[in-house]
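Residue 160 in UniProt numbering sits at position 160 of the sequence shown; the count goes up by one each step and never skips.
Built from N, CA and C at the ideal position, the CB exists for glycine as well.
Fair warning: this is a prediction, and the values are worked out from it, not measured in the lab.
First up is the structure itself, then whatever we jot down about it.
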Amino acid sequence: MPEQPLKNSPSKIPSARELLRRYDLKAKKSLGQNFLADPRIAQKIVALSGLPEEKIVVELGVGLGTLTYALAQKAQKVIGFELDQNLIEILEKESFLTPTVEIRHGDILKLDYHALSEEIGQKLILFGNLPYYLSSRLLWELIQSRKNIDFCVFMFQKEVAERLLARPGHKNYGPLSILLALTAETEKLMDLSPGCFYPPPEVRSSLIKIKFLNDSLPNEKKLLQVLKASFANRRKKLATNLRALDLSKDEARNLLEEIDISPDARAEELPPEKFLALAEKLSKDG
Numbered sequence: 001m002p003e004q005p006l007k008n009s010p011s012k013i014p015s016a017r018e019l020l021r022r023y024d025l026k027a028k029k030s031l032g033q034n035f036l037a038d039p040r041i042a043q044k045i046v047a048l049s050g051l052p053e054e055k056i057v058v059e060l061g062v063g064l065g066t067l068t069y070a071l072a073q074k075a076q077k078v079i080g081f082e083l084d085q086n087l088i089e090i091l092e093k094e095s096f097l098t099p100t101v102e103i104r105h106g107d108i109l110k111l112d113y114h115a116l117s118e119e120i121g122q123k124l125i126l127f128g129n130l131p132y133y134l135s136s137r138l139l140w141e142l143i144q145s146r147k148n149i150d151f152c153v154f155m156f157q158k159e160v161a162e163r164l165l166a167r168p169g170h171k172n173y174g175p176l177s178i179l180l181a182l183t184a185e186t187e188k189l190m191d192l193s194p195g196c197f198y199p200p201p202e203v204r205s206s207l208i209k210i211k212f213l214n215d216s217l218p219n220e221k222k223l224l225q226v227l228k229a230s231f232a233n234r235r236k237k238l239a240t241n242l243r244a245l246d247l248s249k250d251e252a253r254n255l256l257e258e259i260d261i262s263p264d265a266r267a268e269e270l271p272p273e274k275f276l277a278l279a280e281k282l283s284k285d286g
């Protein structure tokens, strides 16, 4: 994807290291804080994202405002959520963010995405440098709320990113990979080294864009049950794992054979469409 230039070259803004030193603060490990270290990295993220001009953007986890500033150069408005009140107070004192930025104190795991979409009058465009410890949990929430979301651009731990992009047969292939394959177009925009953050994390990161599709997912509730059962024990055969859905051994094997799946197959070998077929068959059979 070609980079798109920002409307304005951002003026010099303080780095995360400078701000923490200035206010005698340290990143909180309990909140998974690893801040973007350089405003130029934030510029590149916005350029790679394909963010349309004059849209309202929601940032999950504002941190010290490095990405927020870059987003504000392109967006009509930025609504940022931050749990750490100390960081909000720093941003208010420093005042390098434009008047088009609104910072709200709040936990991103408790957001009502439908209400937020209604408030701003558009599908949500989400950005964030996500704390690694909650990224998978948040993704499950976003998939459930996808009808209210246009696209997301997030920084993930590289291992999490590989899980999102994994294909059948890969060791990281699992329920999240399958759900995203069925509900979104997902792509890696770039990798980020630990030095791109302060303090530097122990792992590499990847920038991922998730563009949700408009199509509804049939038998979604049953599909989630099938995925949970199928990957409960990766070493076991799928027919064995499916018995958790109140199927006998013979019923599980017959079910698989009816939709052209080998009874000896394991869940990680199947393409996403086969799990949809399983959910459809189980829904029809009651």
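Requested in this report: Alpha carbon to alpha carbon, how far is residue 284 from residue 240? Give it in angstroms, no decimals.
Outcome: Counting from one through the sequence shown, the residue named residue 240 turns up at place 240. Counting from one through the sequence shown, the residue named residue 284 turns up at place 284. Near 21 Å, if we compare the C-alpha coordinates of residue 284 and residue 240.
Query raised in the report: Going by C-alpha distance, which of 96, 88 and 84 is nearest residue 70?
Result: In the sequence shown, counting from the first residue as 1, residue 70 sits at position 70. Per the Cα distances, 96.
Query - Simplified DSSP state of residue 150, which is helix, strand or coil - result: Here residue 150 refers to the residue found at position 150 of the sequence shown. If DSSP states are grouped into helix, strand and coil, residue 150 belongs with the strands.
Query raised in the report: So what does residue 186 bridge to, in DSSP terms?
Result: For the purposes of this step, residue 186 is taken as the residue at position 186 of the sequence shown. Paired residues: 210.
Report task. Whole angstroms is fine: what's the gap from residue 182's alpha carbon to residue 279's? Result -> Here residue 182 refers to the residue found at position 182 when the sequence shown is read from its first residue. Here residue 279 refers to the residue found at position 279 when the sequence shown is read from its first residue. Approximately 13 Å, taken between the alpha carbons.
Query raised in the report: According to DSSP, is residue 6 helix, strand or coil?
Result: Mapped onto the sequence shown, residue 6 falls at position 6. Residue placement at residue 6 is poorly supported in this model, since its pLDDT is 42, which falls under 50; the coordinates still yield a value, given next. Residue 6: coil per DSSP, three-state reduction.
**Report entry** Distance between beta carbons of residue 206 and residue 192, contact taken as under 8 Å
**Finding:** Here the question's residue 192 lines up with position 192 in the sequence shown. Here the question's residue 206 lines up with position 206 in the sequence shown. Between residue 206 and residue 192 the Cβ distance is about 7 Å, and since that is below 8 Å, they are a contact.
Query raised in the report: residue 98: buried (16+ other C-beta within 10 angstroms of its C-beta) or exposed?
Result: Reading the sequence shown from its first residue, position 98 is the one you call residue 98. The residue is exposed, with fewer than 16 neighbouring Cβ atoms inside 10 Å.
Query raised in the report: Three-state secondary structure (DSSP) at residue 23?
Result: As a working note, residue 23 is residue 23 in the sequence shown. Of the three classes helix, strand and coil, the one that applies to residue 23 here is coil, per DSSP.
Query raised in the report: Could you give the residue range of the beta strand (DSSP E) that holds residue 96?
Result: Locating residue 96 in the sequence shown gives position 96, where the first residue counts as 1. First-last for residue 96: undefined, no H or E at that position.
Requested in this report: Determine the burial state of residue 203: buried for a count of at least 16 other Cβ atoms within 10 Å of its Cβ, exposed for fewer.
Outcome: The count along the sequence shown starts at 1 and reaches residue 203 at position 203. So residue 203 counts as exposed.
Report task. Give the secondary structure of residue 1 by DSSP, where H, G and I count as helix, E and B as strand, and everything else as coil. Result -> The residue you call residue 1 lines up with position 1 of the sequence shown. Its pLDDT being 42, under 50, residue 1 is placed unreliably in this model, and the coordinates cannot settle the point.
Query raised in the report: What does a CB cutoff of less than 8 Å around residue 7 pick up in its chain, not counting 5 residues either side in sequence?
Result: Locating residue 7 in the sequence shown gives position 7, counting from the first residue. Here the model assigns residue 7 a pLDDT of 42, short of 50, so the residue's position is not dependable, and the following value carries that caveat. Answer for residue 7: 53, 73 and 74, listed in chain order.
Report task. Check each candidate in 245, 33, 48 and 155 and name the one with the smallest Cα separation from residue 64. Result -> Translated into positions along the sequence shown, residue 64 becomes position 64. That would be 33, whose Cα lies nearest to the Cα of residue 64.
Requested in this report: Run the CB neighbour count on residue 128, radius 10 Å, all protein chains shown included, and call it buried at 16 or more, exposed below.
Outcome: The sequence position of residue 128 within the sequence shown is 128, counting from 1. Residue 128 should be labelled buried.
Requested in this report: Between the Cα of residue 90 and those of 269, 25 and 255, spot the shortest distance and give me the residue it belongs to.
Outcome: For this step, residue 90 is matched to residue 90 along the sequence shown. When only C-alpha atoms are compared, the closest one is 25.
Query raised in the report: Does the distance from the C-beta atom of residue 27 to that of residue 194 stay below 9 Å?
Result: As a working mapping, residue 27 is identified with position 27 in the sequence shown. As a working mapping, residue 194 is identified with position 194 in the sequence shown. Result no, Cβ atoms of residue 27 and residue 194 do not sit closer than 9 Å.
Query raised in the report: Any idea what DSSP makes of residue 198, helix, strand or coil?
Result: In the sequence shown, the residue the question calls residue 198 occupies position 198. Residue 198: strand per DSSP, three-state reduction.
Query - Same chain, Cβ closer than 6 Å to residue 187, neighbours up to 5 away in sequence not counted - result: One-based indexing of the sequence shown puts residue 187 at position 187. Closer than 6 Å at the Cβ level, and outside the excluded window around residue 187, lie 209.
Query raised in the report: What residues match up with residue 79 in a beta bridge as DSSP calls it?
Result: Along the sequence shown, one-based indexing puts residue 79 at 79. Per DSSP, 58 and 102.
Query raised in the report: When the Cα atoms are used, what is the spatial distance from residue 58 to residue 235?
Result: Position 58 of the sequence shown, counted from the start, is the residue given in the question as residue 58. Position 235 of the sequence shown, counted from the start, is the residue given in the question as residue 235. Taking the straight line from one Cα to the other gives about 40 Å.
Query raised in the report: Considering only the beta carbon of each residue, do residue 242 and residue 229 sit closer than 9 Å?
Result: Looking up residue 242 in the sequence shown gives position 242. Looking up residue 229 in the sequence shown gives position 229. Yes, they are a contact pair.
Query raised in the report: What residues in its chain sit with their C-beta under 6 Å from that of residue 150, if we drop five residues either side in the sequence?
Result: What you label residue 150 is simply residue 150 of the sequence shown in a count that begins at 1. Excluding residues within five positions, the ones whose Cβ falls inside 6 Å are 123 and 125.
Requested in this report: Select from 261, 282, 131 and 252 the residue whose C-alpha is nearest the C-alpha of residue 222.
Outcome: For the purposes of this step, residue 222 is taken as residue 222 along the sequence shown, with counting starting at 1. Ranking 261, 282, 131 and 252 by Cα distance to residue 222 puts 282 first.
Requested in this report: Take residue 60 as the anchor and find which of 43, 42, 121 and 152 has the nearest alpha-carbon.
Outcome: Reading the sequence shown from its first residue, position 60 is the one you call residue 60. Looking at the Cα atoms, 152 is the closest of the given residues.
Requested in this report: Measure the C-alpha to C-alpha separation of residue 167 and residue 22 and round it to an integer number of angstroms.
Outcome: Here residue 167 refers to the residue found at position 167 when the sequence shown is read from its first residue. Here residue 22 refers to the residue found at position 22 when the sequence shown is read from its first residue. Taking the straight line from one Cα to the other gives about 46 Å.
Query raised in the report: If you draw a straight line from the alpha carbon of residue 106 to that of residue 271, how long is it in whole angstroms?
Result: Residue 106 sits at position 106 when you count from the first residue of the sequence shown. Residue 271 sits at position 271 when you count from the first residue of the sequence shown. Each residue's alpha carbon lies about 38 Å from the other.
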